[in-house]
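Each residue of the sequence shown is one higher than the last, beginning at 265 in our numbering.
We put the beta carbon where it would ideally sit given N, CA and C, even for glycine.
Owing to the predicted nature of the structure, the values given are computational and were not obtained by experimental measurement.
The block underneath contains the structure these notes are about, expressed in structure tokens.
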Amino acid sequence: MRLESSSWKRRRHSQRFDCLSRTKHPNHSNHPKKVRRAWRVLTGFIAIISLVLAIKVHAPLAQHLPFTSYSIQEGLSESVVHDIIQDREGHLWVGTGFGLNRFDGKNFRKFYQQDGLPDNRVNVILETSNGTILVGTQGGLAYLRPEDAGISSNFTGSSRLGTSSRLRISQRQTTFTSHPKFNGEIILDLTEGPDQSVWIATQNKGLWKLNWSTEIETADKPAQTSSQIPQDPSAETQSQTSAETQSPTSQVSKVTRPNQDRNYTTHPFHVRSVQLPESQLPNDRVTAIHQGEGGTVWAGTAGGTIFIIAGEYTSSAGDVLEYTIHPGHGTRSEVGSRVNDLLTDQNGTLWVATNRGLFGQTDMDFKSLRRLESLRRLEGVPVERLHSLTSDLDGNIWIGSDNGALQVQPDGSVRHFTTAEGLSAPLVYSIMMDREGNVWMGTLGGGLNKFYGEIFLNYNTDLGLSNNVVTGFEESSDGRIWIATFGGGAQSFHNGEFLTYGVRDGLTDSKLYVIFEDSKKTLWIGGEKGLHLYRNRRFIKPNTATFPYTHVRSIFEDETTGMYWIGTYYDGIILYQNGIQSVYDRTNVLNNNTVMDIKQSADGTLWFATYGGAVSYDGKVWTHYTAEDGLPSNGVVQIYIDHEQRVWFSTFEGVAFLADGKIEVPSGEEQTGIITYFTIQDDMNRYWLGTNRGLYRFQPDRYREADSEVERIKAFKLYNRDQGLVANELNAGAYLMASDGSLWLGTIEGLSIFLPGELRENVYPPGIELRSVTASGAELDLIHGQNRRSFTLSNELSSMQKSIEFDYMGLSHESPGRILYRYRLDGYDEQWLTTRETSISYASLSPGTYQFSVESFNADGIASTSAVTVDFRIPAPFWMQIWFIAFILLVISGLIILYLRYVSANKQIEIERMRVQIASDLHDDVGSSLTELALQTDFLQHREQDPIIKKTLKQLGEQSRRIVSGLDDIVWSIDSRNDRAGDLTDRMQDYVSHVFKSETPVVHYRFDRLNMSEKLPVQVKENIYLVFKEAIHNIAKHSDASKVEVTFELKGRTFLLLVTDNGSDPELRAGKRKSGQGMRNMNLRAKRIGAALSVGWANGFKVEMRGKL
265 MRLESSSWKR RRHSQRFDCL SRTKHPNHSN HPKKVRRAWR VLTGFIAIIS
315 LVLAIKVHAP LAQHLPFTSY SIQEGLSESV VHDIIQDREG HLWVGTGFGL
365 NRFDGKNFRK FYQQDGLPDN RVNVILETSN GTILVGTQGG LAYLRPEDAG
415 ISSNFTGSSR LGTSSRLRIS QRQTTFTSHP KFNGEIILDL TEGPDQSVWI
465 ATQNKGLWKL NWSTEIETAD KPAQTSSQIP QDPSAETQSQ TSAETQSPTS
515 QVSKVTRPNQ DRNYTTHPFH VRSVQLPESQ LPNDRVTAIH QGEGGTVWAG
565 TAGGTIFIIA GEYTSSAGDV LEYTIHPGHG TRSEVGSRVN DLLTDQNGTL
615 WVATNRGLFG QTDMDFKSLR RLESLRRLEG VPVERLHSLT SDLDGNIWIG
665 SDNGALQVQP DGSVRHFTTA EGLSAPLVYS IMMDREGNVW MGTLGGGLNK
715 FYGEIFLNYN TDLGLSNNVV TGFEESSDGR IWIATFGGGA QSFHNGEFLT
765 YGVRDGLTDS KLYVIFEDSK KTLWIGGEKG LHLYRNRRFI KPNTATFPYT
815 HVRSIFEDET TGMYWIGTYY DGIILYQNGI QSVYDRTNVL NNNTVMDIKQ
865 SADGTLWFAT YGGAVSYDGK VWTHYTAEDG LPSNGVVQIY IDHEQRVWFS
915 TFEGVAFLAD GKIEVPSGEE QTGIITYFTI QDDMNRYWLG TNRGLYRFQP
965 DRYREADSEV ERIKAFKLYN RDQGLVANEL NAGAYLMASD GSLWLGTIEG
1015 LSIFLPGELR ENVYPPGIEL RSVTASGAEL DLIHGQNRRS FTLSNELSSM
1065 QKSIEFDYMG LSHESPGRIL YRYRLDGYDE QWLTTRETSI SYASLSPGTY
1115 QFSVESFNAD GIASTSAVTV DFRIPAPFWM QIWFIAFILL VISGLIILYL
1165 RYVSANKQIE IERMRVQIAS DLHDDVGSSL TELALQTDFL QHREQDPIIK
1215 KTLKQLGEQS RRIVSGLDDI VWSIDSRNDR AGDLTDRMQD YVSHVFKSET
1265 PVVHYRFDRL NMSEKLPVQV KENIYLVFKE AIHNIAKHSD ASKVEVTFEL
1315 KGRTFLLLVT DNGSDPELRA GKRKSGQGMR NMNLRAKRIG AALSVGWANG
1365 FKVEMRGKL
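This is the structure we're talking about:
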């Protein structure tokens, strides 16, 4: 049965129970003592004998139920559990005889005196409506506020920590604070009233009431912290130790006051003692408190008295009302039976768990009744010590007792759960229903037990099975379930009893594979040694001549023809009817001789599952379906024809189905590395897949319509050991959908009866919490954001912390191992990703701003209410900063410039060398040849010659000298040794001296501001000189000047050449000579170097040229 309840310590809901008697029973308390003693001995003896007989007769009837135990080996601090609650986020808080535990479904976090508890023995736990955890111990009361827990599931951002508090998750502040008024006192019970006040029951100080308002505690000495460290939590006797008299003094916050010799500790509440009316019963201290419907607060005492201490039914003056449990029947001493727990349901039924059983009362008019005279013991519940009560939404009352757990159903029937059904220990101290429907039981010595519900009933060899390896099932026409085992023969199960059939009953083989009932109600049994028939309560083995084949794996009857199709491990398919008709194997139609299953579709087509693929036969044609046609694997284990006549293939690599002539294969996480042994559909059209991981519920339509990986995964739900399956690995062929809707499953460790009708969807959203964030191995501090699940790193990461890991945990106790997570790192991941891992790492992240988000999904696909988010930024390293990049670019640019300059300089040097070489060659070769030619013409002119020849020789000599003169200018220009300004001025002066050989005109040079060592570009130098040369030539040819001034200046990268005279050239003055060859040459020279040239008259001839180097 699938169970659900609220999240609180005790669910106060049930239905009306008709089993409560409203009449008084005879009082047997007047029997003589000896008679009563003898009667008790006799009845005790009869009870023992009856118990022994019951155990013998009904041992096969028992079955293991899905209990999961958590003890010291799983991380629990001690195996004695006194109380269990579930907080609003989903954690379980477990109080033990040696420490407090918080359980998230995977790990236990333990708290001891060193963490602020007054004592290591925890008796009771309560979470209040404001999120405070109150812990009652053997030595006082401790509390943990949400803000004191650092990052808490209930953090609101408005606490004293503030939204800027730096918090380290894995080392969050979880130190409890103890209240000094209860130091050394045993706390028995806690409950919250309708006004959010808390009622506290103590062993020696009576009843107290806690109200939420600030209380300041003063102490003359600094508060001391207990140094007691837990020693050996495995000792069960620790829970029975006496209370520690020394408890740590509470320290929450210090307030500076004028008197510096005192400490001031602020508590969030104040407490006051509540006096109850004096009772005539002895030992009348409050042992149990409970808030019922309507805000009524009940208190039960050790003497059996019940009080209404708050709520609707108190008197107008606020006085408490007192009621006493009526003994009903039994001894008078039962009146003083200790009250251990109280419970009221939504119908007003009051339930009281005592040392002498369970009492209940319906329809009580508390305003008119002063005594609960009709409070009766519930029949069917053992008269023994009952410790705790809770209820579920189905109206069942759950009870923890000295002899296991009890479930009282609405019809009055009582279920008993003991170690025989799977409990880890007989005594159940505490019992609690979580919000997902799991029942949690705290035991004495067996730790914590989880009961998922009765969806699986398990049997093994200890409970009646002949062998744990179950290989097949069949439901016969008489309602019996037949079981084939591998090594234990055959068994039938009927009316809760197993009957075993082996060799002595006529079977020649105990290693069986399949049991099949035909239309004639004959059982066909296949095994290693061949075929058996069971008819008229007799086993018959066909004659080996008639049927010589062994290792029979599958059997099918074609009722239309009366033919039997028999599949074997090694010999293919045998067509059988009063003898062998045909054999189909690898020699004719099959790819492999191992035939695991045979089915027939509605159109009469036969389907065969083989290790060489699937094969269909329509009576005429054999058709093969293999991996090449789309099957996940050629190893087909089972064929199934569903209600819509779709054909399903269970293979060694998952499941596939044939739809519209096409094979479709579900893919994804749930089909990776899985062996599917069978597929079956129930009456509610749910598909069940038996695999080597457990039993899957598959929703093909949801899968086909899914638009994301998460939705595809949601189409699968796994049921395995966590939910009570006897083993995760199922067996091929070992399944049966019985007529009552139960699904029988064979495994390697026994059989499980699965009850799909008892399933309920878990609609409660799972929790999700962040555990830690580490970067490059160092844990990071976080700051809360706008809500309890948003965080920001308190400090920016360094540029070297490029690897970051997020550790998180989903909270769902139904299937903690099946929680699915969807995560994304915004700024890195392009889409949401899925995983079942509880940590995600990112390596070598680039600088930037990121947000990590993760949300959880429970086994039914319900998402957490919100995602956990972490915002952070990875700064760029200095080498990626803008200033550094600019610097690098600048350096690179400088290096490039230097390189180019270096190359240019080298090239310039090479050019200059070449120029010098060319100049030398021209001067030495061409110049000397022309000079020699001129000398030869002079020599020939002095000889007797024809006048014409002589004239020609003269012209030739003159031309040679002009060419030598021009060549001399070219050689001068080319020679790199003449590139300085001083070289140019020397050349100018040489030319002037050559042109003006007389003393007139007088030439003045203005080179005073000239840096003679400055280099001039070759082209600029050459054209400046040629313009200057042309200007001097014009002065010499056309002017009668007596004075010539030559100015050459360099200012930065500009130059000025100015040539003037004081001559009186009439043509130039009249502007008649502006386009001579000389003028054209000067303009051409100036244009070549981009200079501005002006030639004119200004008190003489003037040539001015300005330009840039």
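The alpha helix (DSSP H) enclosing residue i, as first and last residue numbers
i     : result
Y1289 : 1282-1302
G1342 : 1341-1352
E969  : 964-969
V974  : 973-978
In DSSP terms, what residue i is bridged to
i     : result
R536  : K473
V672  : I661, V678
T605  : The sequence shown places Asp at residue 605, rather than the Thr named in the question. Answer is A617.
H355  : Answer is none; H355 lacks a bridge partner.
L454  : I464
T1038 : E1043, E1069
D861  : A873
F1142 : F1142 is not bridged to any residue.
Q902  : S914
Status (buried if at least 16 other CB within 10 Å, exposed otherwise) for residue i
i     : result
T613  : buried
P1211 : exposed
D351  : buried
Q1095 : exposed
E1078 : buried
M697  : buried
S972  : exposed
G1354 : exposed
D1254 : exposed
Y813  : buried
E1174 : exposed
I862  : buried
T1129 : exposed
Rounded distance between the beta-carbons of residue j and residue i, thought under 8 Å
i    : j    : result
G564 : I573 : Actually they are not in contact, since the Cβ atoms of G564 and I573 sit about 11 Å apart, beyond 8 Å.
W615 : L653 : 6 Å
W463 : V561 : 6 Å
T360 : V399 : Actually they are not in contact, since the Cβ atoms of T360 and V399 sit about 12 Å apart, beyond 8 Å.
A866 : F872 : With a Cβ gap of about 17 Å, A866 and F872 do not count as contacting.
Extent of the continuous beta strand (DSSP E) to which residue i belongs
i     : result
I948  : The sequence as given places Met at residue 948; Ile does not occur at that position. It is not in any beta strand (DSSP E) - M948 carries neither H nor E in the DSSP assignment.
E928  : 926-928
S1257 : From DSSP, S1257 is part of no beta strand (DSSP E) but of the alpha helix (DSSP H) over 1245-1259.
Q337  : From DSSP, Q337 is part of no beta strand (DSSP E); its letter is neither H nor E.
R817  : 816-822
K374  : 372-375
H888  : 886-889
W788  : 787-791
S756  : 754-758
H1268 : 1266-1270
N995  : 994-1001
Q845  : 844-848
K1366 : 1365-1372
* Counting Cβ pairs, one atom from each stretch, are 3 or more of them under 8 Å apart for the stretch 603-610 and the stretch 648-664? -> Yes, the stretch 603-610 touches the stretch 648-664.
* **the stretch 1032-1045 / the stretch 1005-1017 touching (three or more Cβ pairs under 8 Å)** => Output reads no: the stretch 1005-1017 does not touch the stretch 1032-1045.
* Decide yes or no for the touch test of the stretch 671-690 against the stretch 970-986: beta carbon pairs closer than 8 Å, at least 3 of them. => They do not touch, by the three-pair rule.
* Specify whether the stretch 1293-1303 and the stretch 1259-1266 touch according to this definition: at least 3 beta carbon pairs, one from each stretch, less than 8 Å apart. => When C-beta atoms of the stretch 1293-1303 are compared with those of the stretch 1259-1266, three or more pairs fall below 8 Å, so the two segments count as touching.
* Taking three-plus beta-carbon pairs below 8 Å as touching, is the stretch 1048-1063 in contact with the stretch 333-348? -> No: the two stretches stay apart, fewer than three of their Cβ pairs being nearer than 8 Å.
* Is the number of C-beta pairs between the stretch 387-398 and the stretch 735-752 that are closer than 8 Å three or more? -> No, because fewer than three Cβ pairs between the stretch 387-398 and the stretch 735-752 fall closer than 8 Å, the two stretches do not touch.
* Contact between the stretch 934-944 and the stretch 918-925: three or more CB pairs below 8 Å? -> By the criterion of at least three beta-carbon pairs nearer than 8 Å, the stretch 934-944 is in contact with the stretch 918-925.
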